[in-house]
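Colleague:
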Amino acid sequence: MAAPNNSYLGKFRGRVVDNNDPLRIGRITVEVPDVLGDEASTWALPCLPFTGPEAGQFVVPPPGAGVWVEFEQGDPSFPVWTGCWYGTAEELPPDARRELAANSPSKPVVVQTPAAHKLVMNDTAGAEQGILLQAQGGAYIRITREAVVIATGAGAEVVLRGNEVTINEGQLTVLSKR
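The opening position of the sequence shown corresponds to residue 1 in full-length UniProt numbering, with each subsequent residue numbered one higher.
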């Protein structure tokens, strides 16, 4: 059966207009010029990898972000945002940009908020390999194969390596007798 002419099937590029959902369930309004012209959409539901009672993934793109939009059964009155896209390399989180510019064979997994709180998982060999959890420009936890480093970003640091705990670059070292 052929779809009617006013049916919009497939993915369309859009930009977030508003993410302040009054129902607080991750909906956004979007501009989708190819379908809606200059008008913003009605509230678009999110399509998330998993949800459940008090469980699941919850992310909401900020205003201006590029999003992919589909329409339930092709009806533009029922938008669904299904993912996001970057328009330029400058929009990427800095950790991702740095690794991509270095042409690393292994690409990092980066999750970063607009305020720069981040989780970076990197398989590329070297100083950046491992997992980094960092608050905005400050305190962090770095986990590598060899060590766990907990730091305030203001000078205090605890390093757990093998059977040794080092505090503030050797000011105090505790050895295990095992």
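No residue lacks a Cβ here, since even glycine has one placed at the ideal position from N, Cα and C.
May I have the straight-line CA-CA distance separating Glu146 from Leu160, to the nearest angstrom?
Modeller: As a first step, residue 146 is located in the sequence shown; it is residue number 146 there, counting from the start. As a first step, residue 160 is located in the sequence shown; it is residue number 160 there, counting from the start. Taking the straight line from one Cα to the other gives about 9 angstroms.
Colleague: State buried or exposed for Arg24, treating a residue as buried only when at least 16 other CB atoms are found within 10 Å of its CB.
Modeller: Counting from one through the sequence shown, the residue named residue 24 turns up at place 24. When all chains shown are included, Arg24 counts as exposed.
Colleague: Tell me the residue span of the alpha helix (DSSP H) that contains Val35.
Modeller: As a working mapping, residue 35 is identified with position 35 in the sequence shown. Start and end: Pro33 to Leu36.
Colleague: For a quick check, are the C-beta atoms of Trp68 and Gly26 less than 9 angstroms apart?
Modeller: Taking the first residue of the sequence shown as position 1, residue 68 is located at position 68. Taking the first residue of the sequence shown as position 1, residue 26 is located at position 26. Not closer than 9 angstroms, so no.
Colleague: With H, G and I counted as helix, E and B as strand and the rest as coil, what does DSSP make of Glu39?
Modeller: To locate residue 39, count along the sequence shown from 1; it is residue 39. If DSSP states are grouped into helix, strand and coil, Glu39 belongs with coil.
Colleague: Suppose the cutoff is 6 angstroms on Cβ atoms and the five residues either side in sequence are ignored; what does the same chain contact list for Val35 look like?
Modeller: Counting from one through the sequence shown, the residue named residue 35 turns up at place 35. Cβ within range, chain order: Tyr8, Phe12 and Pro76.
Colleague: What are the boundary residues of the beta strand (DSSP E) that includes Pro79?
Modeller: Position 79 of the sequence shown, counted from the first residue, corresponds to residue 79. Its beta strand (DSSP E) spans residues Pro79 to Trp85.
Colleague: What are the uninterrupted segments assigned as beta strand (DSSP E) that are 3 or more residues long and contained completely in the segment 46–129, given in chain order?
Modeller: Listed in chain order, they are 66–71, 79–85, 109–112 and 118–122.
Colleague: Is the CB-CB distance between Trp85 and Cys47 below 9 angstroms?
Modeller: In the sequence shown, counting from the first residue as 1, residue 85 sits at position 85. In the sequence shown, counting from the first residue as 1, residue 47 sits at position 47. Result no, Cβ atoms of Trp85 and Cys47 do not sit closer than 9 angstroms.
Colleague: Would a check of beta-carbon distances place Asp38 closer than 9 angstroms to chain D?
Modeller: Chain labels in this structure do not include chain D; a single protein chain is all it has.
Colleague: Can you name, in chain order, every residue of its own chain whose Cβ lies under 6 angstroms from the Cβ of Val158, other than the five neighbours on each side?
Modeller: Along the sequence shown, read from residue 1 onward, the residue named residue 158 stands at position 158. So the qualifying residues of the chain are Ile150 and Ile167.
Colleague: Would you kindly work out how many angstroms separate the C-alpha atoms of Glu169 and Leu132, rounded to a whole number?
Modeller: Here the question's residue 169 lines up with position 169 in the sequence shown. Here the question's residue 132 lines up with position 132 in the sequence shown. Taking the straight line from one Cα to the other gives about 19 angstroms.
Colleague: From the DSSP output, which residues share a beta bridge with Arg15?
Modeller: Translated into positions along the sequence shown, residue 15 becomes position 15. The partner list for Arg15 (beta bridge, DSSP) reads Glu31 and Gly66.
Colleague: Applying the criterion that 16 or more other CB atoms from any shown protein chain within 10 Å of the CB defines a buried residue, is Val120 buried or exposed?
Modeller: Locating residue 120 in the sequence shown gives position 120, counting from the first residue. Under this definition Val120 is a buried residue.
Colleague: Would you kindly work out how many angstroms separate the C-alpha atoms of Leu175 and Gly162, rounded to a whole number?
Modeller: Here residue 175 is taken as the residue at index 175 of the sequence shown, counted from 1. Here residue 162 is taken as the residue at index 162 of the sequence shown, counted from 1. C-alpha separation (whole angstroms): 9 angstroms.
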